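Q: Here this note's numbering runs 778 ahead of the position in the sequence shown, where the first position is 1. All C-beta atoms in this analysis are idealised placements derived from N, C-alpha and C, irrespective of residue type, glycine included. Note that this is a predicted model, so its numbers are computed, not measured. Pasting a structure below so you can have a look.
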Amino acid sequence: MEKGNNLLQPYGIVDHYRVLDEDSSKDPLELYDTLNHIKNVLQSRKYQFVNLSIGPALPIEDYDVHAWTAVLDSIFADGETLTTVAVGNEGEQDHESGNARVQVPSESVNSLAVGAADSRSKTWKRAPYSCIGPGRSPGLIKPEVIAFGGCSNEPFFVLDQSTSIATPDAGTTYASPYTLRMGMGVRAHFGNSLSMLAIKSLLVHCSEPAKKLPIHEIGWGRVAQDIDSIVICPDGEARVVYQGELTPGQYLRTPVPLPSGKIDGMVTLSATFCFACQTDPKDPGNYTRGGLDVTFRPHADNFDDDAMNPKSKRFFRRTDFDTEKELRLDAHKWETTLHRRQRFRSTTLKDPVFDVHYQVREAGKATGGDKIKYALIITLSAPKVKNLYQRIVQRYQTQLEPIVPLIEVPIRVR
């Protein structure tokens, strides 16, 4: 809500449920009655978009999965709902003790954890009250993104229901639905062409990074400020969406589309994987039952001796939070969201691919399992190749299908 500007139009009909009453204050650390209300609502009908700006007043713990998180992860394990969860407003508590850590249930691996940014301007940072990471492994990157939630200098204006007057406020309470609205905008633009996991991947993929800000404060970055930043590719850029299902043990090869012929200058490759899976709340260290082992092969002609596949190169690096034990166990493969940008000399790329292997575990041991839904977003950026998109479409016209929008994105005149 901005002074002098019309209110933004909603992208869909919103059902708002009251789940707190006068008895809720008697149980602020658990809120089990409230959880049951939410569970009943979510199981009564299938929602594609859900926001939760509510939860127990508890920071997460490494060796215990709270009932709120376990229940919600179970409900959203099918990957058919985009759920945003506010990380909490206790970011100014003591950091060393963990009291400022993201709160239950934002560590959910099948949801998108959202923190708050202090501004919509180009100069932004984490709002001081926004809770910080890391999350629990798996699920280390929490918050995953941040969005404008307001601060004392730049508040988030909301409508006072009793007076119908805009009043200033701030909180991850607002940043979370603000993020969900952007996802609903992508859905309105492309319709059923994109799955919920693809939309979640796009929100992470198109977030604005900040090199000088620590990842445990802002996650992958600030959510895009407008819909056209997500759905429109500028000159010298092309974006590809892969989505579908994987069966246990399946190997999937996903090409990274490059145009034929010479590419001038450097190429930046961005990739985001998202999947949803069943969880095991009794085993926090092996919480996710599904995992993706992703191998990047940048050049189709580079082989080791007697190798059947081209040489691999590490693409998704470890995070700052990984312990030595996690490095040995390849803990990153059990993360439900992977995201990375990396620059390459164009001469080092030839028909690159991501090889994906879906693995299932129970109690830390390999086992059989169900299919999972996944989404992969790839963006190639080559600033010196203005017609990059057109050249890729021409080469892959029988393999890739352009996503046709249902509505037009309004062109902004600056």
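In the DSSP assignment, what are the bridge partners of LEU1024?
A: ILE1150, per the DSSP bridge assignment.
Q: My assumption, with CB atoms under 8 angstroms, is that THR950 sits in contact with GLY866. Please give the rounded CB distance.
A: Yes, they are in contact, since the Cβ atoms of THR950 and GLY866 sit about 6 angstroms apart, within 8 angstroms.
Q: Locate the alpha helix (DSSP H) running through GLY961, then write down its first and last residues.
A: Where GLY961 is concerned, the enclosing alpha helix (DSSP H) stretches over 950-968.
Q: Assess, as a yes-or-no matter, whether the segment 993-1008 is touched by the segment 1167-1185 under the definition of 3 or more beta carbon pairs within less than 8 angstroms.
A: Counting Cβ pairs under 8 angstroms, fewer than three are found: no touch.
Q: Between the segment 1035-1045 and the segment 984-995, do at least 3 Cβ pairs fall closer than 8 angstroms?
A: No, the segment 1035-1045 does not touch the segment 984-995.
Q: Is it right to say PHE1081 is buried, meaning 16 or more other beta carbons lie within 10 angstroms of its own, or is it exposed?
A: Classification of PHE1081: exposed, given that the 10 Å Cβ count is below 16.
Q: Using 8 angstroms as the Cβ pair cut-off and three pairs as the minimum, do the segment 1158-1178 and the segment 1069-1087 touch?
A: They do not touch, by the three-pair rule.
Q: Can you tell me whether DSSP reads GLN1175 as helix, strand or coil?
A: Coil.
Q: Considering only residues of the same chain and omitting the five flanking positions on each side of ASN888, which have a CB-CB separation below 6 angstroms?
A: Excluding residues within five positions, the ones whose Cβ falls inside 6 angstroms are ASP851, PHE854, ALA855, ALA1054.
Q: Assuming SER897 and GLU874 are in contact, meaning their beta carbons sit under 8 angstroms apart, how far apart are those beta carbons, in whole angstroms?
A: About 27 angstroms; that fails the 8 angstroms criterion.
Q: Check this for me: beta carbons of VAL1045 and SER1124, under 9 angstroms apart or not?
A: Yes, the pair counts as a contact, with Cβ atoms nearer than the cut-off.
Q: Spatial neighbours of MET962 within its chain, please: C-beta separation below 7 angstroms, excluding the five flanking residues on both sides.
A: Once the five neighbours on either side are set aside, the close Cβ partners of MET962 are TYR789, GLY790, PHE827.
Q: Using three-state DSSP, classify SER930 as helix, strand or coil.
A: Residue state, collapsed to three classes: coil.
Q: Could you spell out the range, first to last residue, of the alpha helix (DSSP H) harbouring LEU820?
A: Start and end: 810-822.
Q: In whole angstroms, give me the CA-to-CA distance for CYS1052 and LEU937.
A: Taking the straight line from one Cα to the other gives about 35 angstroms.
Q: Roughly how many angstroms separate the alpha carbons of GLY893 and ASP1083, rounded to a whole number?
A: Going from the Cα of GLY893 to the Cα of ASP1083 covers about 48 angstroms.
Q: Hey, out of ALA966, ILE832, THR1073, GLN1172, whose CA is closest to SER954's CA?
A: Here the closest residue by C-alpha is ILE832.
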